[in-house]
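Inspection log for the structure reproduced underneath, given as structure tokens.
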Amino acid sequence: MTQAPVLKVEDLQTRFKSVQRGKFVHAVDDVSIELYPGEIVGLVGESGCGKSTLGRTIVGLEKASSGRVLLDGVDLSALSGAALRDSRRALQYVFQDPYSSLNDRQTVGEAIDEALVIAGTRSPEERDRRTKELLDQVGLASAVRDRHTRELSGGQRQRVAIARSLAVNPRVLICDEPVSALDLSIRAQVMNLFLRLQKDLGVACLFIAHDLALVRQAASRVYVMYLGRIVEHGSSKELYDRPSHPYSQMLLASAPEVDPRIEKHRRGPLMIGEVPSPTNPPSGCRFRTRCPLAVDDCAKALPPSRVLSPGHTAACTFAADLHRGNRTALVQQEMSAP
Amino acid sequence: MHDEPLLEVRNLTVNLLTAKSAVRPVDGVSYSVRQGECLAIVGESGSGKTVMNFAPLGLMPTGVTTMLSGSVKLEGRELIGLPEAEIQKLRGKSVGFIFQDPMSALNPVRRIGRQIAEMAELHLDVTPRAAEARALELVKLVGISDPVARLRQYPHELSGGLRQRIVIAIALAGEPKLLIADEPTTALDVTVQAQILRLLKDVQRRLNMAMVLITHDMGVVAGAADNIVVMYAARAAECGPVDKVLVSPRHPYTQGLINAIPRREDPIGSEFRGLPGIPPTLGAPIKGCALAPRCELAVPACSNSRPPLVRSDDSAVLVACPVVNQGKAAA
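In order, the protein sequences belong to chains A and B. Per the numbering used here, the very first residue in the first sequence carries number 1; after that it's consecutive. Per the numbering used here, the very first residue in the second sequence carries number 1001; after that it's consecutive.
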């Protein structure tokens, strides 16, 4: 990729004060990611891994403790007032639940118009034209315009929410689980909308999700996050074909199969336990407490990120072996208590 | 396995009346579950899958008048028309429940141990001391480490997966014959989901219970269930053994649902497959096939009358689609 990234996140940290006095929750810990114009990038991980906090910090809904967010090379933390507001417009957020992200008392037209007013479109005629255009872009019939958002189905509401975020001509959309609240038969429609927006408008999309199959098909690259840190990053093809961090391997292996002929005979490895508390993360490698490959050294220092092939990195001592297929985290385990 | 099903539902219809509206979330659905068997009921939100299981057991919100017709037999005993006091005795005793969100299913201000023991005390008629012992046994059964210490903890001190294990322990405390699990893994991560599903399957086999697994996720069905009922807009669209229905779905809706799941072979960046349109909103019963407006196979006749469930060329699979069933007699 020779283009400059539209969004660059450098060594970002987001810490929250813990209820335990004097302690901090390290929700996002030294994360660096890049987004190029017009690409969909996946961010996957279990709940509590900090993926939503990362998204919220990027758009400024949470305050970063350290690190930088660069939009077209401009450091957002160096801006303030009108300049910051202008830059931030290029960064929009699509929330998970379209039932709480829209005002029930507004009509669809009002909801979109409001976004346009905030975006600074003064002329009513211009706003009217843009509203029509936006409804069309997200695949809603113009008749929907006069209906209240509460009358719409989940899929339609999510389309309205997307239309609102597109109102300001953003360059980057941060989509936080945008289809998980939708019914299965509707998800494809909204996913295809994202694919089209990316192609037609060239919007870059950070797609935060826990549904790995969905991310694989939509995203060109994927970041895997565990306990506040990026543990693996690569093209979708590389990452799904040759996952090289034990966590990614186990995460991919835990997705259930629909075909009962495969599922019933799969006695695959089970991930042990759950994500540890980010208040007291394990020393060294964060994943070592659940990792079948962990050795004593893993507790001593954070494993450095290893480059396995161009664009594919994994933060594990054994990454090279895992990538070559000489080792695997997918060893048979007995179901044990967490 | 006995010949008599443990739970037999025949032609169940549920009408809900509120001050403002009347809806029919369940419209003439039949199914049965035998001891030691797991039945999955799959459907989208609003398809009636939850109401169908909860209404006959009196678990409906207040302010709603529930009218039931048809027959629901548990161990040969008719539940419809049974007084609330009798149904109350069944809940938790003969039938155990697992709900989607373990945090709201637990009492936040009482210790885990007490919440489990309470169930044993209430339903098994044992002394408090024996109930405490039973709680310990159950916590071990659901695979929780350090069980003695866990019993003294409060729900907020536990992770989502551990909480769901506690909810399962509570459901098992009354030694139920039937376990109804409503989206038991939806609130959990994929890694924890696999653990909980395996646990459910394991206790169901060990205790030889019947289980009804209500879910919207086709992915959790394959590993856990023996039979499946696919619901669409208050009616059963297709039912039969999981091995057959998931492998070669016959009803266009089942086909669409399975087809909508992204596959490893799908090229990166390719279009997602799905069903066109949106599911109908809950309201008056639909005259013809509810899927007709979204269905590729639909012919004008589909909108005329409600398609009956008909035995397909595989006698174990029943399908409610006039096009698929052309030339076959109703079951």
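Here a beta-carbon is modelled for each residue, glycine too, at the ideal position from N, C-alpha and C.
Here's the rule: buried if 16 or more other CB atoms are within 10 angstroms of the residue's CB, otherwise exposed. What is residue i?
| i | result |
| --- | --- |
| residue 1053 (chain B) | buried |
| residue 1299 (chain B) | exposed |
| residue 310 (chain A) | exposed |
| residue 1108 (chain B) | exposed |
| residue 279 (chain A) | exposed |
| residue 177 (chain A) | buried |
| residue 1279 (chain B) | buried |
| residue 1084 (chain B) | exposed |
| residue 159 (chain A) | buried |
| residue 307 (chain A) | exposed |
| residue 1211 (chain B) | buried |
| residue 1100 (chain B) | buried |
| residue 1264 (chain B) | exposed |
| residue 98 (chain A) | buried |
| residue 20 (chain A) | exposed |
| residue 74 (chain A) | exposed |
Restricting to Cα atoms, I'd like to know which of the options is closest to residue i.
| i | options | result |
| --- | --- | --- |
| residue 183 (chain A) | B:1061, B:1211, B:1260 | B:1260 |
| residue 292 (chain A) | A:247, A:40, A:194, A:190 | A:247 |
| residue 1095 (chain B) | B:1126, B:1109, B:1033 | B:1033 |
| residue 155 (chain A) | A:139, A:165, A:148, A:186 | A:186 |
| residue 1073 (chain B) | B:1115, B:1067, B:1005 | B:1005 |
| residue 196 (chain A) | A:213, A:208, A:218, A:214 | A:218 |
| residue 1045 (chain B) | B:1057, B:1031, B:1059, B:1026 | B:1026 |
| residue 1175 (chain B) | B:1190, B:1181, B:1150, B:1208 | B:1208 |
| residue 1200 (chain B) | B:1219, B:1190, B:1191, B:1172 | B:1172 |
| residue 46 (chain A) | A:25, A:5, A:276 | A:276 |
| residue 235 (chain A) | A:272, A:106, A:314 | A:314 |
| residue 118 (chain A) | A:48, A:167, A:172, A:96 | A:167 |
| residue 1245 (chain B) | B:1193, B:1269, B:1042 | B:1042 |
| residue 1262 (chain B) | A:211, A:206, A:129 | A:211 |
| residue 1030 (chain B) | B:1267, B:1231, B:1301, B:1266 | B:1231 |
| residue 189 (chain A) | A:68, A:138, A:243, A:174 | A:138 |
| residue 207 (chain A) | A:24, A:55, A:25 | A:55 |
| residue 198 (chain A) | A:48, A:173, A:72, A:75 | A:173 |
| residue 1179 (chain B) | B:1060, B:1302, B:1092 | B:1092 |
Could you tell me the boundaries of the beta strand (DSSP E) in which residue i lies?
| i | result |
| --- | --- |
| residue 169 (chain A) | Element bounds for residue 169 (chain A): n/a, residue is neither H nor E. |
| residue 229 (chain A) | 229 to 235 |
| residue 13 (chain A) | 7 to 17 |
| residue 283 (chain A) | Residue 283 (chain A) -> no beta strand (DSSP E), and no H or E assigned at all. |
| residue 1281 (chain B) | Segment: none, residue 1281 (chain B) is in no beta strand (DSSP E) and carries neither H nor E. |
| residue 1241 (chain B) | 1235 to 1241 |
| residue 1096 (chain B) | 1095 to 1098 |
Note down, in chain order, each residue of its chain lying with its Cβ closer than 6 angstroms to the Cβ of residue i, except the 5 sequence neighbours on either side.
| i | result |
| --- | --- |
| residue 337 (chain A) | Only weak support exists for where residue 337 (chain A) lies, its pLDDT of 38 falling under 50; the value from the coordinates is given anyway. If we look at residue 337 (chain A) and ignore the five residues flanking it on each side, it has no Cβ neighbours. |
| residue 285 (chain A) | 298, 303 |
| residue 1160 (chain B) | 1188 |
Under the assumption that residue i contacts residue j (Cβ atoms under 8 angstroms), give the Cβ distance between them as a whole number of angstroms.
| i | j | result |
| --- | --- | --- |
| residue 1319 (chain B) | residue 1238 (chain B) | 5 angstroms |
| residue 1252 (chain B) | residue 1309 (chain B) | Rounded, the Cβ-Cβ distance is 15 angstroms, inconsistent with contact. |
| residue 70 (chain A) | residue 8 (chain A) | 4 angstroms |
| residue 1167 (chain B) | residue 1112 (chain B) | That belief does not hold up - the Cβ atoms of residue 1167 (chain B) and residue 1112 (chain B) are roughly 10 angstroms apart, past 8 angstroms. |
| residue 1102 (chain B) | residue 1164 (chain B) | 4 angstroms |
| residue 216 (chain A) | residue 90 (chain A) | At roughly 27 angstroms, the Cβ-Cβ gap does not stay under 8 angstroms, so residue 216 (chain A) and residue 90 (chain A) are not in contact. |
| residue 191 (chain A) | residue 203 (chain A) | Contact flag wrong, Cβ pair sits at about 15 angstroms. |
| residue 1242 (chain B) | residue 1221 (chain B) | 6 angstroms |
Quick one: residues in its chain with C-beta nearer than 7 angstroms to the C-beta of residue i, no 5 flanking neighbours on either side, listed in chain order?
| i | result |
| --- | --- |
| residue 14 (chain A) | 27, 28, 53, 57, 62, 64, 65 |
| residue 1118 (chain B) | none |
| residue 1255 (chain B) | 1249 |
| residue 1050 (chain B) | 1182, 1214 |
What are the boundary residues of the alpha helix (DSSP H) that residue i is part of?
| i | result |
| --- | --- |
| residue 1064 (chain B) | Residue 1064 (chain B) -> no alpha helix (DSSP H), and no H or E assigned at all. |
| residue 1204 (chain B) | 1190 to 1206 |
| residue 1090 (chain B) | 1084 to 1090 |
| residue 1168 (chain B) | 1160 to 1173 |
| residue 66 (chain A) | Where residue 66 (chain A) is concerned, there is no enclosing alpha helix (DSSP H), although the beta strand (DSSP E) it sits in stretches over 66 to 71. |
| residue 247 (chain A) | 246 to 254 |
| residue 1258 (chain B) | 1252 to 1259 |
| residue 1035 (chain B) | Taken as a continuous stretch (DSSP letters only), residue 1035 (chain B) belongs to no alpha helix (DSSP H), as it is neither H nor E. |
| residue 191 (chain A) | 184 to 201 |
| residue 114 (chain A) | 108 to 118 |
Please return the same chain residues whose Cβ sits closer than 8 angstroms to the Cβ of residue i, not counting the five positions on each side in sequence.
| i | result |
| --- | --- |
| residue 223 (chain A) | 33, 41, 42, 43, 44, 230, 232, 233 |
| residue 1001 (chain B) | Only weak support exists for where residue 1001 (chain B) lies, its pLDDT of 46 falling under 50; the coordinates are left without a value. |
| residue 263 (chain A) | 256, 257 |
| residue 1064 (chain B) | 1016, 1017, 1018 |
| residue 220 (chain A) | 39, 40, 41, 235, 236 |
| residue 106 (chain A) | 114, 148, 149 |
Kindly list, in the order they appear in chain E, the residues whose Cβ is closer than 8 angstroms to that of residue i.
| i | result |
| --- | --- |
| residue 187 (chain A) | Within the model displayed, chain E is absent; protein chains A and B are what it includes. |
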